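Have a look at the structure below before the remarks.
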Amino acid sequence: MRFRIELVLTLVLLSFAHTTVYSQSNYEPVVFNVSSFSITGDNPIGDKAFKVLQPFIGKQSGLEGLSAAADALEQAIISAGFSFHRVSLPPQQLTSGSVEFQVISFAIGTINISGNNFFDEQNIKNSLPFLKAGATPNTKELSRSLKLANNHASKNIILKFKEGESEDAIDAELTIQDQNPQLVFVTLDNTGSADSEEFRSTVGYQHGNLFNLDHSITATLTVSPQDTAATAQVGLNYHVPLYAHGANMDFLFSDSEVNSGDVADGPAITGKGSVLGFTYSRPLLTDTNFNHQWSAGFQFKTFENDLELAVGLTQDSDVQSFPLELGYGFSYNMKNGVLSGGLTFSINLEAGSSNTDEDYAVARPESESSWSAMKYNLSYDVVFAENWLIHAGLSGQNSSDLLIPGEQFGVGGSSSLRGFE
């Protein structure tokens with residue numbers, strides 16, 4: 002976004018107590034003293050403005066110092082996210098020692114929205130809470146909410162500014178590219194483990210614009226076509242974009258069951274698992290194709306297991322975990338592909354009825370509830386022939402602690418429903 006505003010200023014009526022000396026060939030700059038500054042108009046950075054001007058208090062020779070002070074104040078305002086503000090030096094007398102600067106702001110005039118077929122104008126405006134007609138936006142906050150809005154799977158917003166009809170206004174042009182936010186999908190793969198059913202089939206439903214606020218819900222049911230009763234997983238994810246705060250909230254529920262599995266060289270396992278999770282994430286602003294964000298959250302996991310110790314002999318090994326998670330993720334958009342990755346550090350809180358060292362020792366000998374782990378992932382996606390995609394990915398987990406089976410491989414995911422491989 003660039004726009005040019007030319008302000009013509011005339012400085013008149015400079016009177017000084019001292020005699021101005023001229024020579025036939027040279028002009029002596031006027032010397033005066035600045036004891037204070039005053040600011041009129043819309044000052045969006047408050048008292049910080051006077052701290053910026055503090056170095057310019059004192060003896061000045063000519064108007065270069067005042068011009069530099071005006072530039073410094075304007076840059077401080079722009080750096081704070083107020084790119085629609087300009088600083089001027091109005092006509093004034095300088096004999097008192099006080100110098101006045103005027104801050105001029107340019108408000109949004111009209112907001113024109115075009116191209117939207119599935120999202121109405123109110124939804125688009127809800128996505129950009131810092132873009133309001135008659136108000137001067139904070140461009141940093143506006144950029145953050147725009148980046149967040151364009152993470153939506155079913156819409157993309159292109160924002161451009163142009164000169165408004167009135168001299169003190171800037172018009173906004175919003176061009177929308179969207180598609181139906183409701184989606185039904187079916188998948189079939191062979192990602193099951195060798196100890197359970199190999200094939201997995203998933204049916205899912207997604208609605209990406211609940212309450213016209215871009216809230217998104219995704220529900221999935223995954224089973225094995227070979228034995229639908231033995232292997233099943235239900236997943237539910239609810240996503241809330243916080244456009245006014247430049248952040249996201251995600252809520253997760255997952256419940257799964259599989260009839261068999263193994264833990265390293267240990268006994269066979271029959272059981273269930275469930276997960277309740279919450280994540281708060283916040284993108285970091287960039288002006289390039291490199292995007293990144295940090296996240297914080299927790300997951301409360303329950304594993305209801307039966308360990309087969311011998312023929313006809315089983316033992317309950319119900320156990321829980323409550324890891325707090327701190328993560329960092331990035332993506333780099335290239336011409337025909339996207340490189341993305343992330344790190345997540347997890348540390349278990351000993352909370353819950355089955356989250357003690359004794360419970361862990363039953364699930365896996367010598368394991369303890371005070372564990373931590375680092376997960377990592379890296380992927381590269383290449384698009385070709387319009388609708389075809391090649392995906393290459395790497396993921397892993399490192400820990401110096403002995404982990405219970407559910408934390409070794411997680412509950413559910415892309416590779417298994419129960420999480421034991």
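Under our numbering, the letters of the sequence shown match residues 2 to 422, in that order.
Even glycine gets a Cβ: it sits at the ideal position worked out from N, Cα and C.
The structure presented is a predicted model; accordingly, all values stated were derived computationally and were not measured.
- For Val53, the enclosing alpha helix (DSSP H) begins and ends at Lys49 to Leu54.
- Collapsing the DSSP output to three states places Thr140 in a helix.
- Annotation for Glu142: Gly82, Phe131 and Gly247 place their beta carbon closer than 8 Å to its own, counting only its chain and skipping 5 residues before and after.
- Between Ile125 and Ile177, the alpha-carbon positions lie close to 9 Å from each other.
- In the same chain as Phe212, and ignoring 5 residues on each side of it, no C-beta atom comes closer than 8 Å to its own.
- Take Ser144, set aside five residues on each side of it, and the residues of its chain with a beta-carbon closer than 7 Å to its own are Leu286, in chain order.
- A distance below 9 Å separates the beta carbons of Ala173 and Lys161.
- In this structure the region 278-298 touches the region 323-332; the number of beta carbon pairs closer than 8 Å is three or more.
- Assignment of beta-bridge partners to Gly236 by DSSP yields Thr221 and Ser255.
- Counting every other CB atom within 10 Å of its CB across the protein chains shown gives Ser84 a total of 16 or more, marking it as buried.
- If you draw a straight line from the Cα of Thr223 to the Cα of Val235, it is about 7 Å long.
- Between Ser282 and Asn306, the C-beta spacing is not below 9 Å.
- For a cut-off of 8 Å, the C-beta gap from Ser347 to Val339 is around 26 Å, too long to register as a contact.
- Taken atom to atom, the span from the alpha-carbon of Leu390 to that of Tyr381 is near 10 Å.
- Leu214 and Asp402 have their C-alpha atoms some 43 Å from each other.
- In the DSSP assignment, Gln321 forms a beta bridge with Thr303.
- The region 114-170 is shown to contain whole beta strand (DSSP E) runs of 3 or more residues at 156-164, in chain order.
- Under the three-state reduction of DSSP output, Val31 falls in the coil class, being neither helix nor strand.
- Around Thr111, the same chain offers Asp172 as residues with beta carbons nearer than 6 Å, after the five sequence neighbours per side are excluded.
- Under DSSP, Leu184 forms a beta bridge with Gln207.
- Residue burial is scored here from C-beta neighbours: Asp179 has at least 16 other C-beta atoms within 10 angstroms and is therefore classed as buried.
- The residue from Phe301, Ser396, Lys302 and Glu75 with its alpha-carbon nearest to that of Gly342 is Ser396.
- Contact annotation, Ala77 with Ile46: C-beta distance approximately 6 Å; criterion of less than 8 Å satisfied.
- Taking 9 Å as the cut-off, the beta carbon of Ser225 is found no closer than this to the beta carbon of Ser255.
- In this structure, Ser106 lies near Thr137, with their beta-carbon atoms less than 9 Å apart.
- Rounded to whole angstroms, Thr188 and Val104 show a C-alpha spacing of 58 Å.
- The region 331-396 is shown to contain whole alpha helix (DSSP H) runs of 4 or more residues at 358-364, in chain order.
- With a contact defined as Cβ atoms closer than 8 Å, Ala374 and Ser400 qualify at about 4 Å.
- The beta carbon of Val384 sits closer than 7 Å to those of Asn337, Gly338 and Leu390, all from its chain and outside the five residues before and after it, given in chain order.
- Beta-bridge partners assigned by DSSP to Gln61: Phe33.
- The C-beta distance from Gly205 to Ala220 rounds to 6 Å, short enough to fall under 8 Å.
- Sequence-distant Cβ neighbours of Lys163 in its own chain, meaning closer than 6 Å and more than five residues away, are Asp172.
- With contacts defined by Cβ atoms closer than 9 Å, Leu129 and Leu64 do not form a contacting pair.
- In this structure, the beta-carbon distance from Asn292 to Lys156 does not fall below 9 Å.
- In this structure, Phe102 and Phe38 form a Cβ contact; the two beta carbons are roughly 6 Å apart against a cut-off of 8 Å.
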